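To get our numbering, take the position in the sequence shown, counting from 1, and add 628.
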Amino acid sequence: MPESALAVHGVVKEFGRGAKLRRALDEMSFEVPPGQICGVLGPNGAGKTTLVRVCSTMLRAEGGTVTVAGFDVVTQTADVRRSIGVVLGGDRGLYPRLTGSENLEYWGSLFRLRRPAASRRAAELLELVGLADRGGDRVSTYSRGMKQRLHLARGMVGDPRVLFLDEPTTGLDPIGIHSLHEIVVALSARGVTILLTTHDMAEAEALCAQVLLVSRGRILLRGAPGELEIPSQVRVSVDVGGLSEARYRELAELAGVLTFSLRPGGTARFGLGSKEHAAELSSRAQAAGADRLGVAPASVEDAYLALFDGVAP
629 MPESALAVHG VVKEFGRGAK LRRALDEMSF EVPPGQICGV LGPNGAGKTT
679 LVRVCSTMLR AEGGTVTVAG FDVVTQTADV RRSIGVVLGG DRGLYPRLTG
729 SENLEYWGSL FRLRRPAASR RAAELLELVG LADRGGDRVS TYSRGMKQRL
779 HLARGMVGDP RVLFLDEPTT GLDPIGIHSL HEIVVALSAR GVTILLTTHD
829 MAEAEALCAQ VLLVSRGRIL LRGAPGELEI PSQVRVSVDV GGLSEARYRE
879 LAELAGVLTF SLRPGGTARF GLGSKEHAAE LSSRAQAAGA DRLGVAPASV
929 EDAYLALFDG VAP
């Protein structure tokens, strides 16, 4: 394996012509070492899916270079395709009238595996993703979470060195997300390099050694989740629970609050510029009757909000 399992240098991808020309990837550059999980976060239209499609040979860029497992995506396309797996979000790509095993055996045949080898590989992958007891059932009977796990198994049929996951947990419940996360971590431990696009900041923090925050095809922020240089001077995050939305919005007006977001379960997260401002907000929240309070260093979510949302209206 080369020093970088995935190397993206100065990549430009454009769509449209003339006045309607849009640059989806704008001189994007980064590298991912072997076995690392790299997360790509950004709002809709940021270029995340376009990046996956360029790196996996589905689209050709207008400029720059991409190498995957040491192979150039333009001049060594066949080698790249033999080295990668791709898992796109959603239910497309599975055959509901076939069983889980039959789906994987079919994809194995596309990798030129003979039937016995394809059957063995299907059994191995069903075990890996926790579907060994459902391999003989039609996919039409699977839950959404089971289908996503089968998608992941399908992406691993060719034993890829680099795996592209494009928002694989979209629409899953917390149990399904946890199950998928365990599989992704296990794959990384085996040495598989993973590029993961997601909207879920907690997912990126839990899984990724490196995160890229992107907007309009450019990388705005890059680094390890706990070491990001947070923009807008956000340094501390405070999670508060047990108050009304109106009271949360009142707290968001306090001095030093730089970002604010409502979260599932009736809680809110505040990004602040200093520990002193965090202490003041915590004191006010407790006085207002908050039953949950957590203070921590600024997170990937705080960086995301500071870059793309700011303080909510």
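A virtual CB, placed ideally from N, CA and C, is assigned to each residue, including glycine.
For clarity, every value in this text was computed on a predicted model and none was experimentally measured.
Please specify which runs of the alpha helix (DSSP H), each continuous and at least 4 residues long, are wholly inside the stretch 693-761, giving them in chain order. 705-711, 728-738, 743-756
Within a Cβ cutoff of 7 Å, which residues of the same chain sit near D765, ignoring the five residues on either side of it in sequence? Numbered from 1 along the sequence shown, position 137 holds the residue referred to as residue 765. Here the set comprises T727, G728.
Mind checking whether R920 and G870 have CB atoms under 8 Å apart? Taking the first residue of the sequence shown as 1, we reach residue 920 at position 292. Taking the first residue of the sequence shown as 1, we reach residue 870 at position 242. Contact: yes.
I need the DSSP call for P802, collapsed to helix, strand or coil. Sequence index remark: in the sequence shown, residue 802 carries index 174 (1-based). Correct three-state label for P802: helix.
Determine the closest residue to V757 out of A934, S927, E908, V813, with distance taken between C-alpha atoms. Sequence index remark: in the sequence shown, residue 757 carries index 129 (1-based). The residue with the shortest Cα to Cα distance from V757 is V813.
Would you please state the rounded distance, in angstroms, between the beta carbons of R789 and S684? I believe it to be under 8 Å. Here residue 789 refers to the residue found at position 161 of the sequence shown. Here residue 684 refers to the residue found at position 56 of the sequence shown. Wrong, their Cβ atoms sit about 13 Å apart, outside the cutoff.
Which residue from R688, T703, G675 puts its Cα closest to that of R651? The count along the sequence shown starts at 1 and reaches residue 651 at position 23. Cα-wise, what sits closest to R651 is G675.
Neighbourhood of G901 by C-beta distance below 7 Å, restricted to the same chain and skipping five residues each side: Sequence index remark: in the sequence shown, residue 901 carries index 273 (1-based). Closer than 7 Å at the Cβ level, and outside the excluded window around G901, lie Q861, V862, R863, G884, L886.
Could you pull out every residue in the same chain whose Cβ sits closer than 7 Å to the Cβ of G783, ignoring the five residues on either side in sequence? Working through the sequence shown from its first residue, we reach residue 783 at position 155. For G783, where only same-chain residues beyond five positions count, the Cβ hits under 7 Å are G713, V714, V715, L791.
Same chain only: Cβ atoms within 7 Å of F936, ignoring 5 sequence neighbours per side: Translated into the one-based positions of the sequence shown, residue 936 becomes position 308. Once the five neighbours on either side are set aside, the close Cβ partners of F936 are P671, S843.
Hey, which unbroken runs of the beta strand (DSSP E) at 3 residues or more fall wholly within the stretch 763-841? 790-794, 821-826
Coarse secondary structure for A940, derived from DSSP in three states: What you label residue 940 is simply residue 312 of the sequence shown in a count that begins at 1. Caution is warranted here: a pLDDT of 38 is assigned to A940, below 50, making its placement in the model unreliable, and the coordinate value is therefore given only provisionally. The answer is coil: DSSP assigns A940 none of H, G, I, E or B.
Would you call E929 buried or exposed, if buried means 16 or more other Cβ atoms sit within 10 Å of its Cβ? Within the sequence shown, the letter at position 301 stands for residue 929. Buried, by the Cβ-count rule.
Pick from T677, R688, C666, E810 that is closest to R705, judged by C-alpha positions: Along the sequence shown, one-based indexing puts residue 705 at 77. Rather than Arg, the amino acid found at residue 705 in this sequence is Thr. Of T677, R688, C666, E810, the residue nearest in Cα terms is R688.
Short check: CB of Y932 to CB of L840, under 8 Å? To locate residue 932, count along the sequence shown from 1; it is residue 304. To locate residue 840, count along the sequence shown from 1; it is residue 212. Against a cut-off of 8 Å, the Cβ pair of L840 and Y932 comes out as no contact.
Which value, in whole angstroms, describes the spacing of the CA atoms of A924 and V866? Translated into the one-based positions of the sequence shown, residue 924 becomes position 296. Translated into the one-based positions of the sequence shown, residue 866 becomes position 238. Spanning the two alpha carbons is a distance of roughly 7 Å.
Along the chain, where does the alpha helix (DSSP H) containing K641 start, and where does it finish? Taking the first residue of the sequence shown as 1, we reach residue 641 at position 13. Per DSSP, K641 belongs to no alpha helix (DSSP H); it is in the beta strand (DSSP E), 634-643.
Buried or exposed for K903, going by 16 or more other Cβ atoms inside 10 Å? As a position in the sequence shown, residue 903 is number 275, starting the count at 1. Classification for K903: exposed.
Whole angstroms are fine: how far does the CA of E690 sit from the CA of A926? Indexing the sequence shown from 1 puts residue 926 at position 298. Indexing the sequence shown from 1 puts residue 690 at position 62. A926 and E690: Cα-Cα distance of roughly 37 Å.
Using only alpha-carbon positions, find the residue among Y876, L823, G773 that is nearest to T677. Taking the first residue of the sequence shown as 1, we reach residue 677 at position 49. Nearest C-alpha to T677: L823.
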